[in-house]
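Single-structure report; data block below.
Numbering (our numbering), first residue to last: -15 to 197.
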């Protein structure tokens, strides 16, 4: 099965003044809540199109960090999909003897995250597109909202695709903790006011899931 955990972006302390105490969700909160589930996070794939939400250096040295700049609203292109699949496969290859989780987030942990997790399930695991979408929506506790993402997923063949780039040949994953430069930009409707209404994260696998809001 897969080892995905999807969550909304954790925010550094400078954002906390905008949020009530029970709405705050920091990198430390993420790590703590995963540990409370007796799980360990091994990789975070950050899909936001900005570096302003938190610093990778806030993460433990044992946690790998991969930045894949992904513009909101637009269906991720082939290069983005290839990088995502390569990052996941590279991590799984290097961690086949443990159960560390792969964390994926955009801003809300819904649209870009849902699209790319579903693409992995469809392209690599051979899952039917509609089943992948339904499974993600059910596990996340909130459906993928963007109709163009859903339409693109349903047009994707369920045939396994092994022709994407090998993660070992990429320079966008540096570690244990590293990140690529990105524009300090994110679409206006992805601000903290909308962010705080998204569920925090879910654990996702073929064998079961646990929603935490």
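Ideal Cβ placement from N, Cα and C applies to all residues, glycine included.
Here the structure is a predicted model, which is why all the values come from computation and not from measurement.
Separation of residue 134 from residue 82, as counted between CA atoms = Taking the chain shown and counting its residues from 1, the one referred to as residue 82 is at position 98. Taking the chain shown and counting its residues from 1, the one referred to as residue 134 is at position 150. Cα-Cα distance, rounded: 33 angstroms.
Residue 30 (DSSP reduced to helix, strand or coil) = Taking the first residue of the chain shown as position 1, residue 30 is located at position 46. Residue 30 carries a strand assignment under DSSP once its states are collapsed to helix, strand and coil.
Check whether the stretch -8 to 1 touches the stretch 46 to 62, counting contact only when three or more Cβ pairs, one atom from each stretch, lie closer than 8 angstroms.
-> The stretch -8 to 1 makes no contact with the stretch 46 to 62: fewer than 3 CB pairs, one atom from each, lie closer than 8 angstroms.
Would you mind working out which of -6, 121 and 101 sits nearest residue 34, comparing C-alpha positions?
-> For this step, residue 34 is matched to residue 50 along the chain shown. The closest CA to that of residue 34, considering only -6, 121 and 101, is found on -6.
Tell me residue 51's beta-bridge partners as DSSP assigns them.
-> Position 67 of the chain shown, counting from 1, holds the residue named residue 51. Note: residue 51 sits in a beta bridge opposite 30.
Taking the alpha-carbon positions, what's the residue 66 to residue 130 distance?
-> The residue given as residue 66 occupies position 82 in the chain shown. The residue given as residue 130 occupies position 146 in the chain shown. When rounded, the distance between both Cα atoms is 21 angstroms.
Quick one, which of 121, 88, 64 and 137 has its alpha-carbon nearest residue 110's?
-> Here residue 110 refers to the residue found at position 126 when the chain shown is read from its first residue. That would be 137, whose Cα lies nearest to the Cα of residue 110.
Pairing CB atoms from the stretch 14 to 26 with CB atoms from the stretch 114 to 132, are three or more of them under 8 angstroms?
-> Touching, no, given that fewer than three Cβ pairs across the two stretches are closer than 8 angstroms.
Spell out the partners DSSP gives residue 25 in its beta bridges.
-> Within the chain shown, the letter at position 41 stands for residue 25. Answer is 85, bridged to residue 25.
Residue -10 versus 47, 91 and 39, residue with shortest Cα-Cα distance | As a working mapping, residue -10 is identified with position 6 in the chain shown. Residue 91 is the option with its Cα nearest to residue -10.
Would you mind stating whether residue -8 and residue 98 have Cβ atoms separated by less than 8 angstroms?
-> In the chain shown, counting from the first residue as 1, residue -8 sits at position 8. In the chain shown, counting from the first residue as 1, residue 98 sits at position 114. The answer is no: Cβ separation not under 8 angstroms.
Straight-line Cα distance separating residue 71 from residue 104 = The residue labelled residue 104 in the question sits at position 120 within the chain shown. The residue labelled residue 71 in the question sits at position 87 within the chain shown. About 11 angstroms.
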